[in-house]
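Chains as they are written, first to last, in our numbering: chain A, 1 to 216; chain B, 217 to 432; chain C, 433 to 648; chain D, 649 to 864.
Every residue gets a Cβ at the ideal spot worked out from N, C-alpha and C, and that includes glycine.
Here the structure comes first, spelled out in structure tokens, and everything after it is commentary.
Number of protein chains: 4
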Amino acid sequence: MNEAGPLPQYLVQRYHGWRATAFLENRVWYRRLAEDGQHPRAMVIACCDSRVHVTSIFGADTGEFFIHRNIANLVPPYAPDGQQHGTSAAVEYAVNTLKVAHLVVLGHTNCGGVQGCHAMCSGHAPALEEKTSFVGRWMDILRPGYERVAGLPPERQIRALEHQAVLVSLENLLTFPFVKNAVASGDLSLHGVLHDIAEGTLQQYDNQVDGFVPVV
Amino acid sequence: MNEAGPLPQYLVQRYHGWRATAFLENRVWYRRLAEDGQHPRAMVIACCDSRVHVTSIFGADTGEFFIHRNIANLVPPYAPDGQQHGTSAAVEYAVNTLKVAHLVVLGHTNCGGVQGCHAMCSGHAPALEEKTSFVGRWMDILRPGYERVAGLPPERQIRALEHQAVLVSLENLLTFPFVKNAVASGDLSLHGVLHDIAEGTLQQYDNQVDGFVPVV
Amino acid sequence: MNEAGPLPQYLVQRYHGWRATAFLENRVWYRRLAEDGQHPRAMVIACCDSRVHVTSIFGADTGEFFIHRNIANLVPPYAPDGQQHGTSAAVEYAVNTLKVAHLVVLGHTNCGGVQGCHAMCSGHAPALEEKTSFVGRWMDILRPGYERVAGLPPERQIRALEHQAVLVSLENLLTFPFVKNAVASGDLSLHGVLHDIAEGTLQQYDNQVDGFVPVV
Amino acid sequence: MNEAGPLPQYLVQRYHGWRATAFLENRVWYRRLAEDGQHPRAMVIACCDSRVHVTSIFGADTGEFFIHRNIANLVPPYAPDGQQHGTSAAVEYAVNTLKVAHLVVLGHTNCGGVQGCHAMCSGHAPALEEKTSFVGRWMDILRPGYERVAGLPPERQIRALEHQAVLVSLENLLTFPFVKNAVASGDLSLHGVLHDIAEGTLQQYDNQVDGFVPVV
């Protein structure tokens, strides 16, 4: 027995509409997915932010992307300490079990998590520094990124920290032995992307210039 | 400098197609979302599984759902221990900062995480019991659910455990003081849903029968 | 020993460009495709016409579509006579071995094969009626379609015959027992589409109106 | 009236994206192609395999290649018997009507059709030997190629048969009088290419060494 109640009617109505159209038009494919299991070609790590519509941006059909979403699309460093690490579990499952070919870290502009991290690290958000703040402790993962941008002109720090949220995650991914090995053996490729919500554009990390360039 | 490389061209092509259609047709709304920030009406906690297309099932537009996705849509118990808890951070941000009205835990059939948990708890997956298994330690969250279904006929245990993945998460959500208070004050409603991938149907938890019933 | 010579340099140059970009950016996926084999979700039967760019229209990545292309996207009736039937072999392989979920017959406007069939059936192309004309004999498959449009005003017959090239193929597909069974069991869905080359639009067969309607 | 249903929505979405970008940016060219008809400079005979992306490998724009795709990129011998020969019809149309300058037979590694032919000819696939097997009867075209490789060490036979699928087709092409004449008069050049899916490389037949050499 718990507190859960029925779905609001507008969601029920949309679900019936989805089932009568997208599902029925594609039901053969859905049954195949259920019987054969998923074989996604890529894992995407994105923010929970409601403005980041991963499958829409990339025209992905059901079954194409294995998607983990957390605050600020962060990946913590490898820490096999027996504790619960939801992000590390998702990466482990995607790389070792599903053997995805691509792992995309998808950041975005106007990220509340990044803004909170900036406020916390610059001493303007004492509440986030409290031990009991889950958001604060989660954003600690991005502190090394803050250190790299703290010297920039203030007006440039937030955008730079949004880029760092992608770069720090990419760096931490390589601290996982199974990720490092899969990349070294050519079984996995990593990608770092930043989505500009207002402009609808994408930038991606280019390791030749060691920076972000527009996706063209 | 890191290992990340450019996106595959088929994703670049689809992104350009998205920008020229969905984005441009809706750019006023995207601009608004960027300037005013997000105001999602619901948080959805779903599985990373590529076959669970949250926004499609519920016809959600960009900006509607704050979405956290992890292995088996699990929520751990409240543990303000100063460690990194990505799921707890997402729930805290959704409830305390975004003040969402609905929190939906969306489970699904054919869940690899649930099947792994069943194998582990029934002694058939020693590798998942190792301290270094991120998936194994993450699925420990569902062990209390396994205890409840272990006495059922074997052929019914997996489906029952899929239901437990939703119920255990709902129960753990109520161990968070800010969730319990928001529910008590009528500011937040919880919902437990199971999506059948092959049939395209939804079941939801009904607290009057203390079980799952079809969404009609 | 035969007459074959080296590829023209412009094709060699483009191949090197493709390998240095699209291939290398996606090489993990290509290796996976080679090792695991193909698992396309759809078969497309299209015309050989150089103006029909199947993968581009549908943003299909390598590995997504099993594609058979012949003159006028025709499927002959089921004829297990021990002769060589390339189209029937492709359909058999897609449905029985690959078990694709969707089979799309993609016709197009301005089809030279359809125009030739119309000229032949209306008595204006004696050369195509000769036993030795491979194109003529191949277009015999569409003769039943011509009979249905012969009574229309002349200016409407060609477009109607382009539609028939899709419809006759769909009808012939259902004469194959394994296609009929797969459709009946819900393991395969058929789709009939006409692509307008000049307008860049698609029409699809709608069995509720028993005609073609714009894809919107 | 038939069984065909609407396209899955993810394909519809991608089509709209294609039309708003690739098509509209190039609509003058598409209009020209529709009004003036196609004038492709080459015909490509490739396999239906979803992993062979002909236009991508050669950077072909809409209108450049007249493409016939069948199982294992095979061309049967000249047989003007009044039966339906889809491949012969495509070759006849490309050489006599479109007067293409190049005819490329594009084979590939990991070909299921070639593997099936090898199993059948070596007595390991009785089902393919049945009169009613369309794939088996189609692969009979490659039997002469199997005879040439049957004496090789087993581990080399498949790759050798993949080469034969190209060579036998080139040889059969020259049994067509109109092909032989076009080649003799210098109006048509033939090319034999093998695409390695895992490596992304091309080999082409070199008649000076009577074998395949890397395309450099």
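Give me the DSSP bridge partner(s) of D/C695.
D/N718
Compare the C-alpha of B/G367 against each of B/I357, B/H324 and B/H334 and name the closest.
B/H334
Could you name the residues of chain A that D/Y658 contacts, counting a contact when the two beta carbons are closer than 7 Å?
G59 and D61
What three-state label does DSSP hand C/H485 in the structure shown?
coil
Under 9 Å, Cβ to Cβ, is there at least one residue of chain A near C/A533?
yes
Compare the beta carbon distance of C/I477 and C/L538 with 9 Å and say whether it is the shorter of the two.
yes
Enumerated in chain order, which unbroken segments of the alpha helix (DSSP H) with a length of 4 residues or greater are wholly contained in the region 86 to 147 of chain A?
86 to 92, 112 to 121, 126 to 129 and 134 to 139
Applying a beta-carbon distance threshold of less than 8 Å, which residues of chain C neighbour A/D206?
Those do not exist, as A/D206 stays about 12 Å from chain C at its closest Cβ, beyond 8 Å.
Just confirm the distance between the C-beta atoms of C/S482 and D/G653, as a whole number of angstroms; I'd bet it's less than 8 Å.
The pair is not a contact, with the Cβ atoms about 29 Å apart (cut-off 8 Å).
Could you work out which residues of chain A lie near D/R679, taking near to mean beta carbons separated by less than 8 Å?
Neighbours of D/R679 on chain A: none; closest Cβ ~26 Å, over 8 Å.
Partners in chain C for D/I845, counting only beta-carbon separations shorter than 8 Å
Y462, L465 and A466
Does the pairing of the region 812 to 826 of chain D with the region 776 to 784 of chain D give three or more beta-carbon distances under 8 Å?
no
Along the region 63 to 86 of chain A, where does the CB come closer than 7 Å to a CB of chain B? Name the residues.
G63, E64, F65, F66, I67, H68, R69, N70, I71, P76, P80, G82, Q83, Q84, H85 and G86
Going by DSSP, what residues sit across from B/Q419 in a beta bridge?
B/L410 and B/P430
CB C/S601 to CB C/L506, shorter than 9 Å?
yes
Does D/S833 come within less than 9 Å of chain C when only Cβ atoms are used?
no
Length of the line joining the Cα atoms of A/N70 and A/H195:
16 Å
Using DSSP with H/G/I as helix, E/B as strand and the rest coil, what is C/A474?
strand
Close beta carbons around B/Q254, own chain, < 8 Å, minus the five adjacent residues each side
G279, F282 and L314
For the region 471 to 489 of chain C, which residues have a CB atom closer than 7 Å to at least one CB atom of chain D, in sequence order?
P472, C480, D481, S482, R483, H485, T487, S488 and I489
Cβ distance (whole Å) where C/F610 is taken to contact C/N528 below 8 Å
6 Å
Which of helix, strand or coil does DSSP assign to B/E387?
helix
Mapping the DSSP letters down to three states, classify B/F394 as helix, strand or coil.
helix
Is D/R662 close to chain B? Criterion is C-beta to C-beta, closer than 9 Å.
yes
According to DSSP, is D/P656 part of a helix, a strand, or is it coil?
coil
Could you tell me whether the Cβ of B/G416 comes closer than 9 Å to any Cβ of chain C?
no
Spatial neighbours of A/Y78 within its chain, please: CB distance less than 8 Å, with the 5 preceding and 5 following residues excluded, ordered by chain position.
S88, N172, T175, F176 and P177
If you draw a straight line from the C-alpha of A/V193 to the C-alpha of A/G112, how long is it?
18 Å
A/E92 at chain C interface by Cβ criterion, 9 Å
no
Anyone know if the C-beta pair for D/L836 and D/A749 falls short of 9 Å?
yes
Tell me which residues of the region 783 to 801 of chain D have at least one Cβ-Cβ distance to chain A shorter than 7 Å, keeping chain order.
none
Identify whether B/F274 lies in helix, strand or coil by the three-state DSSP scheme.
coil
Less than 9 Å between the C-beta atoms of A/G186 and C/R463, yes or no?
yes
Through-space distance from C/V647 to D/L659, alpha-carbon basis
10 Å
I want to see whether chain B comes within less than 9 Å of D/T669, judged by CB atoms only; does it?
yes
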